[in-house]
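Inspection log for the structure reproduced underneath, given as structure tokens.
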């Protein structure tokens with residue numbers, strides 16, 4: 474089934490249900506569906522055909538959900554882009570995905586125009602602002618189109634979402650998520666994370682719709698829930714808490730950093746959050762201490778997920794009942810786990826030769842299910858490396874205990890997750906090593922009480938050269954997105970190396986992470 478039908482069916486059965494609230498803007502499901510159909514018709518009139526890719530680059534707006542579901546209904550692959558990226562990174566994803574249409578909000582018009590010469594395949598830019606220089610206006614397109622649309626028939630393995638996730642080399646890879654994948658994700662949401670989920674639910678999208686929260690919107694729309702999209706373009710704990718009270722929010726998805734910011738906010742005691750039935754968190758490390766504080770504040774409504782862009786939102790989960798404050802030793806240990814496999818998901822631990830390891834032994838985490846991506850777009854080598862012997866190789870290291878609970882111990886790909894954002898060190902290292910004063914560099918994640926992890930660069934300088942920490946951070950900002958720049962830099966005469974001359978990052982990390990307890 475085309476997952477665009479989730480919206481079509483909700484609008485048919487519950488046309489007057491409020492679908493989206495954004496500031497003073499409200500759309501019912503009938504209005505949401507009609508506007509989405511108008512956009513789909515407009516895109517078809519512009520020459521869009523099934524299985525093409527369409528880039529969506531916006532801050533959180535109602536139109537972002539319209540654009541994503543218009544892609545689904547057309548049988549096209551939606552390519553939502555992280556708005557925090559650098560314009561050069563926008564251009565790479567747009568060009569690599571071979572998108573001919575880019576739908577954007579006005580904040581990004583100037584950034585896109587600055588890289589136009591890198592986007593030879595794009596035929597049309599559609600902006601929420603007044604159009605100029607041949608760009609098209611979003612609302613005018615809708616006004617010129619019919620609100621009736623027959624959802625395109627698709628095959629289960631047709632691409633619905635092209636999810637760009639950085640690789641270990643820093644080169645973004647597009648994980649092809651199919652209609653089958655996202656249907657399975659939606660069913661697992663109801664079966665495992667939020668059983669009993671119904672039409673009277675109200676979700677608040679506190680995280681970007683370009684990745685986790687956008688995926689999380691799909692099951693909410695399938696059940697005709699109300700989607701609250703805060704008007705603020707950044708995470709504002711007081712505004713989120715106020716909205717939870719005002720709209721009687723029942724569920725939300727957020728990175729652990731967001732949960733911590735809510736718990737630490739003085740406003741948490743000013744607003745009623747008793748309507749919350751599920752706070753689903755994941756995507757970055759969470760200290761057990763922070764998790765227990767959240768349980769004390771919010772009660773038994775937290776649910777943890779462990780997944781990847783390659784297996785969206787869904788590999789394992791730690792259910793409500795495992796979030797306890799005064800349990801047995803076994804129960805308390807589980808707070809540091811990534812939970813158990815979803816109902817229709819298999820997890821195994823393998824060694825370097827892909828042989829399954831027994832209970833309690835550490836190795837690479839692999840998974841298989843209908844949630845696993847089709848492969849990487851235009852990257853058969855990476856696909857073959859990641860999808861081997863019928864399993865998705867996550868690149869994460871961990872073990873399974875005797876009860877099937879998954880514990881993550883390390884990241885074989887040296888991934889840094891800061892505030893829910895995936896950051897790969899080599900991308901930053903390749904920028905820093907270009908500086909004339911830098912001889913060697915290693916980038917690592919270090920504990921951060923606010924963001925979970927922050928980025929630290931450890932650098933040795935060339936003889937007779939000098940440079941300040943501030944200068945190097947500014948140098949990074951000129952080449953990559955601001956959130957990827959190091960937050961701090963240490964200088965060493967020599968970086969630790971093994972017998973093969975390779976920098977040993979574990980030695981660098983250990984001095985910062987020693988005796989620190991982490992949850993996923």
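Residue numbers (our numbering): 474 to 993. Ideal placement from N, C-alpha and C gives every residue a C-beta, glycine not left out.
- Boundaries of the beta strand (DSSP E) around residue 553: 550 to 553.
- Taking a C-beta distance under 8 Å as the contact criterion, residue 683 and residue 555 qualify as a contact pair.
- For residue 487 against residue 697, the beta-carbon gap comes to about 4 Å, under 8 Å, which counts as contact.
- Counting the other CB atoms within 10 Å of its CB gives residue 935 a total below 16, which places it among the exposed residues.
- Residue 480 and residue 506 do touch by the CB rule: their CB atoms are close to 6 Å apart, below 8 Å.
- When the five nearest sequence neighbours on each side are left out, the beta carbons in the same chain lying within less than 7 Å of the beta carbon of residue 736 are those of 766, 767 and 770, in order along the chain.
- Inside the region 895 to 940, DSSP marks whole alpha helix (DSSP H) runs of 4 or more residues at positions 898 to 905, from first to last along the chain.
- DSSP places residue 795 within a helical segment (H, G or I) once states are collapsed to three.
- One thing to note: residue 818 has its Cβ within 8 Å of the Cβ of residue 844.
- Taken in chain order, the complete beta strand (DSSP E) segments of 3 residues or longer contained in the region 566 to 600 are 574 to 577 and 597 to 600.
- With contacts defined as CB atoms closer than 8 Å, residue 530 and residue 570 fail to qualify as a contacting pair.
- Following the DSSP letters along the chain, one finds residue 944 in no beta strand (DSSP E) but inside the alpha helix (DSSP H) bounded by residues 942 to 950.
- Collapsing the DSSP output to three states places residue 869 in a strand.
- 729 is the residue among 521, 729 and 699 whose C-alpha sits nearest the C-alpha of residue 775.
- Across the set 873, 983, 782 and 908, the C-alpha of 983 shows the shortest separation from the C-alpha of residue 919.
- In this structure, the beta-carbon distance from residue 553 to residue 655 does not fall below 8 Å.
- Counted as a single uninterrupted DSSP element, the stretch harbouring residue 604 is not any alpha helix (DSSP H), since DSSP gives it neither H nor E.
- The criterion of a C-beta distance shorter than 8 Å is satisfied by residue 911 and residue 932.
- In the DSSP assignment, residue 632 is bridged to 651.
- Of the other Cβ atoms in all chains shown, 16 or more fall within 10 Å of the Cβ of residue 547; this residue is therefore buried.
- For residue 685, the closest alpha carbon among the candidates 791, 620, 726 and 701 is that of 726.
- Here residue 738 has 710, 711 and 714 as same chain residues with Cβ atoms under 7 Å from its own Cβ, once five neighbours each way along the sequence are excluded.
- Three or more Cβ pairs drawn from the region 948 to 956 and the region 891 to 909 lie within less than 8 Å of each other, which places the two stretches in contact.
- If you look at residue 985, you'll find it in the alpha helix (DSSP H) that goes 978 to 986.
- Contact between residue 535 and residue 577 is ruled out by a C-beta separation of about 15 Å, above the 8 Å threshold.
- Judged by DSSP in its simplified three-state form, residue 808 adopts helix.
- Under the three-state reduction of DSSP, residue 730 is assigned to helix.
- Taking the Cα of residue 716 as reference, the smallest distance to any Cα among 490, 979 and 494 is reached at 494.
- The beta carbon of residue 733 sits closer than 6 Å to the beta carbons of 763 from its chain, once the five residues preceding and following it are set aside; these are given in chain order.
- Taking the Cα positions, residue 674 is about 20 Å away from residue 539.
- By the C-beta density criterion, residue 853 is exposed, having fewer than 16 other C-beta atoms within 10 angstroms.
- When the beta-carbon positions are compared, residue 799 and residue 625 stay at least 8 Å from each other.
- Contact annotation: residue 970 and residue 962 have beta-carbon atoms that are not nearer than 8 Å.
- Shown here, residue 750 sits in coil according to DSSP, grouped into three states, outside any helix or strand.
- With at least 16 other beta carbons inside 10 angstroms of its own, residue 755 counts as buried.
- Shown here, residue 720 sits in a helix according to DSSP, grouped into three states.
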